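S.K.: For the sequence shown, the numbering used here assigns the number 178 to the initial residue and increments by one for each residue that follows. The structure is given below, and queries will be raised subsequently.
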Amino acid sequence: PHYNYKEAAVDLPAGSRLLLYSDGITEALNGDAEEFGDAALQKLLLEHRSLSSQELLEKIVAAVKVHAGATPQSDDMTIVVITRE
């Protein structure tokens with residue numbers, strides 16, 4: 178399929194963080210077919226905003242793994258965390 182993307186510039190002040198992730202993160206299913214969800218990701222980001230990018234990434238991955246348990250996933254899971262110094 179062909180997608181149209183828009184280009185935009187955003188000012189990220191010092192200390193800002195940019196999180197890019199695939200839908201495999203928020204759509205990760207547990208044994209009851211419940212998604213990890215946007216709300217859970219937002220909660221993690223707020224609770225752990227003082228962590229380094231690497232530590233935050235590790236917290237997110239761990240939380241998604243706990244949520245999913247042994248349930249096989251059918252989508253990729255990609256996350257990039259960038260912090261502007």
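Beta carbons: idealized from backbone N, C-alpha and C, even for Gly. Computed from a predicted model, the values in this text were never measured in an experiment.
Along the alpha helix (DSSP H) that carries residue 260, what are the first and last residues, could you check?
M.R.: That residue, residue 260, is in no alpha helix (DSSP H); its beta strand (DSSP E) goes 256-260.
S.K.: Do you know offhand how far residue 255's Cα is from residue 234's?
M.R.: Cα-Cα distance, rounded: 10 Å.
S.K.: Apart from the five residues just before and just after residue 215, which ones in its own chain have a Cβ nearer than 7 Å to its Cβ?
M.R.: Result list for residue 215: 203, in chain order.
S.K.: Check whether the region 244-253 and the region 219-234 touch, using three or more Cβ-Cβ pairs below 8 Å as the test.
M.R.: Result no; under three Cβ-Cβ pairs closer than 8 Å.
S.K.: Quick check on this structure: which residue in 209, 241, 218, 230 has the alpha carbon closest to the alpha carbon of residue 257?
M.R.: Nearest option by C-alpha distance: 230.
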